[in-house]
């Protein structure tokens, strides 16, 4: 009969016994984590984090087989979480690289500058009309604007019509903007 230490009672609060567990499983757990993350340093960090968690929960464990199960499960879960985090970071990096392309940059500059020109023109409108148009620019519907400003829906509709006419005059050199934003 082979004797194992799996069912032996252990007290992790005793630093010598904790050190025994650490020494016994650390390298094997690092190799296990490395099968997931394929990075020795990251695997070692994951295993160390799991041992820190084990130390924090040391009073919850009485047997070596519980500790071993906890460590392998924790290392697997942290490794998978790290892979997911790496995947998200890589996708974000790819998106940033795409955004860095000149066409994206130019489109954003044009859109932002166009928006600024339109907002400047709206600021020239009378106060109530300006408020209505700003809310419309935020995507609010006529009923939402009417409720927010405590006016009738018909007032919003007629004020917007007048505002469009005035904006056409203010933006005669930028007429295409009205179709883009309004």
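Numbering (our numbering), first residue to last: 1 to 182. Here a beta-carbon is modelled for each residue, glycine too, at the ideal position from N, C-alpha and C. All of these numbers come straight from a predicted model, not from anything done at the bench.
Residue i, buried or exposed, once every other Cβ within 10 Å from all chains shown has been counted against 16
i	result
residue 33	buried
residue 80	exposed
residue 25	buried
residue 1	Residue confidence is low: residue 1 scores 35 on pLDDT, short of 50, so the model does not pin down where it sits. No coordinate-derived value is stated.
residue 146	buried
residue 27	exposed
residue 110	exposed
residue 156	buried
Residue i versus residue j - alpha carbon distance
i	j	result
residue 123	residue 108	22 Å
residue 173	residue 134	21 Å
residue 142	residue 169	23 Å
residue 97	residue 117	29 Å
residue 153	residue 112	30 Å
residue 11	residue 94	48 Å
residue 137	residue 165	16 Å
residue 74	residue 50	6 Å
residue 72	residue 54	11 Å
residue 90	residue 66	36 Å
residue 78	residue 14	26 Å
residue 126	residue 151	15 Å
residue 139	residue 86	36 Å
residue 69	residue 88	29 Å
residue 130	residue 167	11 Å
residue 39	residue 56	26 Å
residue 119	residue 52	55 Å
Integer-rounded CB distance, given that residue j should sit under 8 Å from residue i
i	j	result
residue 83	residue 37	6 Å
residue 16	residue 30	About 22 Å separates the two Cβ atoms, so there is no contact after all.
residue 128	residue 159	6 Å
residue 42	residue 121	About 54 Å separates the two Cβ atoms, so there is no contact after all.
Residue j beta carbon less than 8 Å from that of residue i
i	j	result
residue 149	residue 132	yes
residue 92	residue 9	no
residue 58	residue 18	yes
Heavy atom of the ligand FAD within 7 Å of residue i beta-carbon
i	result
residue 32	Absent from the structure shown: the ligand FAD. Ligands present: none.
request  = Only counting runs of 4 or more residues, tell me where the alpha helix (DSSP H) segments fall wholly within the segment 84-145, in order along the chain.
outcome  = 102-123 and 127-137
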